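Numbering (the working numbering), first residue to last: 336 to 519. All C-beta atoms in this analysis are idealised placements derived from N, C-alpha and C, irrespective of residue type, glycine included. Please read all numbers here as calculations on a predicted model, not as lab measurements.
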C-alpha cells in the first residue's frame, strides 16, 4: 500500500478517505476480490503449462518472445518514469518522453502483454483447443482490471488532481493504454 516507507499509495489513500471508518473492512473485501481474480490468472498459466502436444512448439517460441518483450518494455517504462521523477526540475510535471509519449501507461501495457503470451503458449495444434481459449482468461482479466478498475481510473483521477491542465493536455495527445504515435 505504500510507494515508499513514508508515503501511502495515493489510490489507497483515496479509498481510505472515501470509505472512512469502514476502510479496514472494505479493504479486506477489496483484497479478497483481488485474490479471486488471482485464480483466473493461475488458470491461464496452468493452461499454458499443460498444453497437449509436443513438449516445445512454435507457439512456445512466440509466447516466450512476447514475455521477453514485455519484461524489457516494462523495465524501460519504469526506468524512464523513475529517471523523470528523480529530476527535481520535473516536479509537478507529466512524464511524456520515451514510451510515455506513446502511452500514458506503457508499464501497464507491457504487464498485459506478458499475460498475452500465455494463451499463445496454450494453443495446441494437437487437437485440444479448449486450453487456448481457457488461457484467454488472464489477458482479458488483466486488461479489464488495468484499464477499467484498479489501474488507470484511480491513477488518472489522482494525476488530474495533482497535474491539472498539463495532464488534461497529455490525455488529449496520448493513448491511454496501447502504444500509439502521439496525436497532434
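| Per DSSP, which one or two residues make a beta bridge with residue 436? | Paired residues: none, contrary to the question.
| request: In angstroms with no decimal places, state the Cα-to-Cα distance between residue 425 and residue 419. | output: Straight-line spacing of the CA atoms in residue 425 and residue 419 works out to 7 Å.
| query | Which runs of the alpha helix (DSSP H) fall wholly inside the stretch 391 to 446 and span at least 4 residues, in chain order? | reply | As summarised for the stretch 391 to 446, the continuous alpha helix (DSSP H) elements at least 4 residues long and confined to that stretch are 393 to 421, given in chain order.
| said: Assess contact between the stretch 464 to 472 and the stretch 506 to 513, defined as three or more Cβ pairs (one per stretch) separated by less than 8 Å. Is contact present? | reply: Flag = no, the stretch 464 to 472 and the stretch 506 to 513 do not touch.
| said: Quick check on this structure: which residue in 445, 485, 430, 457 has the alpha carbon closest to the alpha carbon of residue 378? | reply: For residue 378, the nearest C-alpha among the options comes from 457.
| said: Tell me which residues share the same chain as residue 337 and place their Cβ nearer than 7 Å to its Cβ, disregarding the 5 neighbours each side in the sequence. | reply: For residue 337, the predicted model reports a pLDDT of 44, less than 50, meaning its position is unreliable; a value from the coordinates is still stated below. Beyond the five residues adjoining it in sequence on each side, residue 337 comes within less than 7 Å, by CB distance, of 343, 344 in the same chain, given in chain order.
| Delimiting residues of the alpha helix (DSSP H) encompassing residue 490 | Residue 490 -> alpha helix (DSSP H) spans 487 to 498.
| query | residue 477 to residue 485, Cα distance in whole Å? | reply | For residue 477 and residue 485, the distance between alpha carbons rounds to 10 Å.
| message | Spatial neighbours of residue 501 within its chain, please: C-beta separation below 6 Å, excluding the five flanking residues on both sides. | response | Hits under 6 Å: 429.
| field | Per DSSP, the bridge partner or partners of residue 510 | value | Paired residue(s): 438.
| query | Per DSSP, what kind of secondary structure is residue 471 in: helix, strand or coil? | reply | The three-state secondary structure of residue 471, taken from DSSP, is coil.
| query | Is the stretch 447 to 455 in contact with the stretch 393 to 401, if contact means three or more CB pairs nearer than 8 Å? | reply | Touching, per the Cβ criterion.
| task | Grab me the residues of residue 480's own chain with a C-beta within less than 8 Å of its C-beta, minus the 5 sequence neighbours each way, in chain order. | result | Counting only Cβ-Cβ distances below 8 Å, and skipping sequence neighbours, we find 372, 486.
| task | Give the secondary structure of residue 357 by DSSP, where H, G and I count as helix, E and B as strand, and everything else as coil. | result | For residue 357, the three-state secondary structure derived from DSSP is helix.
| query | Does the distance from the CB of residue 512 to the CB of residue 438 come in under 8 Å? | reply | A contact, by the Cβ cut-off of 8 Å.
| task | Can you have a look at residue 483 and say buried or exposed, based on whether 16 or more other CB atoms are within 10 angstroms of its CB? | result | Exposed, since its Cβ has fewer than 16 Cβ neighbours within 10 Å.
| task | Could you check the C-alpha separation between residue 363 and residue 348 for me, to the nearest Å? | result | About 15 Å.
| task | Check the C-beta distance from residue 446 over to residue 491 and give it rounded, since I have them as a contact under 8 Å. | result | The Cβ separation is near 16 Å, so there is no contact.
| Simplified DSSP assignment, three categories, for residue 386 | Taken through DSSP and simplified to helix, strand or coil, residue 386 comes out as coil.
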